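Step one of this worksheet: look at the structure below.
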Amino acid sequence: MTALIDLRSDTVTLPSPEMRRAMADAELGDDVYGEDPTVNRLQDLAAEMLGKEAGLFVTSGTMGNLVSLLAHAPRGTKVILGDEAHIFRYEQGGAAVVGGLVYQTIPTNPYGDLPIERLRQAVQRRDDAHEAAPGVLCLENTHNRCGGTVLSLDYIRQARQIAVEQDVPLHLDGARLPNAAVALGVSLREVAAPFDSVQVDLSKGLAAPVGGVVVGSREFIKQAHRARKLLGGGMRQAGVIAAAGIIALEQMVERLAEDHQHARILAGGLAELPDVVLDLGTVQTNLIVFRLNPDRWSPSRFITAMREQGVLLGGSGYNQLRFATHYGITRADIERTLLACKNVLAPRY
Ligand SMILES: Cc1ncc(COP(=O)(O)O)c(C=O)c1O
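Quick note on this note's numbering: the sequence shown kicks off at 16 and runs consecutively.
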């Protein structure tokens, strides 16, 4: 039997042979004492590549975001972010639970940006005892629920200016920042530059098995490091997994262009099939978020029918479906997936 083609998420990626070798050979120490040379090397490399003073290895994107919010925002202040942000929707309200922070959401535009005027109003510091003060402003790039869309550098600079005017730190949920940089044709550093802090996942498109990094100023990382310990994220010989993260940053960024090309091919074919509602303008990186005519399809019926054809995909809220291309998916897999979509949606042709 042929193997299933797993397009549910780019988190299903398995480590490359180079990663496995690096993990086996990694020099190790106790990272809670700051003595794991491989973790230190990963943190320095991430800081260097993202153009910040210091870095911190974290267990996951969720932890990277939470330690960043805790480090920036005093208790009782506001986390200002989009209503479709991963931090708001899928991270259990961690900043409220652990940090006593309040979420203020702004409606998200279809391509993942937040209307600049709404953003300006939300971060404004007012001398009003009724209101929670702004604590941190967050953007997401690429934007998961909007379909892997990329924020333009011009938009990010406008958001930066507002944050600076109001003296509010600007955080980036850059779980897929490498995809944004590759799509824009610029360095990671350029996409990260306007932000005070950035979290980047190593275990999505970059294919490391575990973890992410947070980068920012030395002082910010000191606070994030304290928050990481609070959350139980002080790991010991973590160089075993950090070793794969080094390979991820050194070797796996540029190949994301291939995932983006696969996504464009798959999306182009999918959009021509009956009952598919897909804005091809959203297909800018490795995610394809689409809907099906609800009179004829429920997402779960489509997922089941595709599974019978040997292809896995996922749901993405509000009746949306999602394919994610990634390391380990070949051009032939994309062709097989398109054929499966045709068999399910247009069996007569
Ligand atoms: C935009 C975004 N931020 C954060 C995360 C959280 O990452 P993790 O699953 O590593 O906690 C994800 C995961 O899908 C994501 O898509």
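Idealized CB from N, CA, C, for every residue including glycine.
Quick caveat: nothing in here was measured; it's all calculated off a predicted structure.
Are there any heavy atoms of ligand 1 lying less than 6 Å away from the beta-carbon of Ala-263, as far as the coordinates show?
Position 248 of the sequence shown, counted from the first residue, corresponds to residue 263. Annotation for Ala-263 indicates a beta carbon at 6 Å or more from all heavy atoms of ligand 1.
Which residues in the same chain as Val-183 place their Cβ atom closer than 7 Å to its Cβ, once the five residues preceding and following it in sequence are excluded?
Counting from 1 along the sequence shown, the entry for residue 183 is found at position 168. Hits under 7 Å: Val-138, Pro-149, Val-151 and Leu-152.
For a test of your reading of the model: does the CB of Thr-77 fall under 6 Å from any non-hydrogen atom of ligand 1? Yes or no.
Counting from 1 along the sequence shown, the entry for residue 77 is found at position 62. Thr-77 has its CB nearer than 6 Å to a heavy atom of ligand 1.
Enumerated in chain order, which unbroken segments of the alpha helix (DSSP H) with a length of 4 residues or greater are wholly contained in the segment 287-333?
Every alpha helix (DSSP H) of 4 residues or more that sits fully in the segment 287-333 is shown, in chain order, as 314-323.
For Val-229: DSSP bridge partner residues:
Taking the sequence shown and counting its residues from 1, one reaches residue 229 at position 214. Leu-71 and Gln-214.
Work out the CA separation of Arg-351 and Phe-103 for me, nearest whole Å.
The residue you call residue 103 lines up with position 88 of the sequence shown. The residue you call residue 351 lines up with position 336 of the sequence shown. In this model, Phe-103 and Arg-351 are separated by some 35 Å (Cα to Cα).
Cutoff 6 Å; reference Leu-81; Cβ partners in own chain excluding five residues on either side:
Residue 81 sits at position 66 when you count from the first residue of the sequence shown. Correct list, in chain order: Gly-109.
Say the cut is 6 Å; is the CB of His-145 nearer than that to a heavy atom of ligand 1?
Residue 145 sits at position 130 when you count from the first residue of the sequence shown. Not one heavy atom of ligand 1 is found less than 6 Å from the C-beta of His-145.
Inter-residue spacing [alpha-carbon to alpha-carbon] between Glu-50 and Ser-232
Here residue 50 corresponds to residue number 35 of the sequence shown, with the count starting at 1. Here residue 232 corresponds to residue number 217 of the sequence shown, with the count starting at 1. So the two alpha carbons sit approximately 21 Å from each other.
Looking at C-beta atoms only, is the number of pairs between the segment 215-222 and the segment 177-193 that lie closer than 8 Å three or more?
Note that the segment 215-222 touches the segment 177-193; at least 3 beta-carbon pairs, one per stretch, sit closer than 8 Å.
Give me the residue from Asn-194, Ser-313, Leu-199 and Leu-134 with the minimum Cα distance to Val-179.
The residue labelled residue 179 in the question sits at position 164 within the sequence shown. Selected option, being the one with the closest Cα: Leu-134.
Tell me whether Asn-358 counts as near ligand 1, meaning its Cβ is closer than 6 Å to at least one heavy atom of that ligand.
The count along the sequence shown starts at 1 and reaches residue 358 at position 343. No, the Cβ of Asn-358 stays beyond 6 Å of every heavy atom of ligand 1.
Nearest neighbour of Glu-205, chosen from Glu-63, Lys-357 and Ile-20 [CA to CA]:
One-based indexing of the sequence shown puts residue 205 at position 190. Per the C-alpha coordinates, the member of Glu-63, Lys-357 and Ile-20 positioned closest to Glu-205 is Glu-63.
Val-371 versus Ala-144: straight-line alpha-carbon distance, rounded:
In the structure displayed, the chain extends from 16 to 364; residue 371 sits before or after that span and is not available.
Does ligand 1 have a heavy atom nearer than 6 Å to the CB of Glu-99?
On the sequence shown, residue 99 is found 84 positions in, with the first residue counted as 1. A distance criterion of 6 Å places the beta-carbon of Glu-99 beyond contact range of ligand 1, judged by its closest non-hydrogen atom.
Could you tell me if the beta carbon of Leu-301 falls within a distance shorter than 6 Å of some heavy atom in ligand 1?
Mapped onto the sequence shown, residue 301 falls at position 286. Sequence check: residue 301 is Asn here, not Leu. Flag unset: Cβ of Asn-301 not near ligand 1.
Is the number of C-beta pairs between the segment 119-128 and the segment 273-293 that are closer than 8 Å three or more?
Taking 8 Å as the limit for Cβ pairs, the verdict is that the segment 273-293 does not touch the segment 119-128.
Evaluate Tyr-170 with the Cβ neighbour count: other Cβ atoms within 10 Å of its Cβ, from every protein chain shown; 16 or more gives buried, anything less gives exposed.
Here residue 170 refers to the residue found at position 155 of the sequence shown. By the neighbour-count rule (16 or more Cβ atoms within 10 Å), Tyr-170 is buried.
Do Thr-157 and Tyr-126 come within 7 Å of each other at the CB atom, strictly closer than that value?
The residue labelled residue 126 in the question sits at position 111 within the sequence shown. The residue labelled residue 157 in the question sits at position 142 within the sequence shown. For Tyr-126 and Thr-157, no; Cβs fall outside 7 Å.
Give me the Cβ distance between Ala-272 and Val-298, rounded to the nearest whole Å; I'm assuming they're in contact under 8 Å.
To locate residue 272, count along the sequence shown from 1; it is residue 257. To locate residue 298, count along the sequence shown from 1; it is residue 283. With 8 Å as the limit, Ala-272 and Val-298 do not qualify as a contact, their Cβ atoms being about 14 Å apart.
For Pro-52 and Gly-254, which I take to be in contact (beta-carbon distance under 8 Å), what is that distance rounded to the nearest angstrom?
On the sequence shown, residue 52 is found 37 positions in, with the first residue counted as 1. On the sequence shown, residue 254 is found 239 positions in, with the first residue counted as 1. Here Pro-52 really is in contact with Gly-254; their C-beta atoms are around 7 Å apart, less than 8 Å.
Can Ser-83 and Val-291 be called in contact, C-beta distance under 7 Å?
The count along the sequence shown starts at 1 and reaches residue 83 at position 68. The count along the sequence shown starts at 1 and reaches residue 291 at position 276. If you check the CB distance, Ser-83 and Val-291 do not come in under 7 Å.
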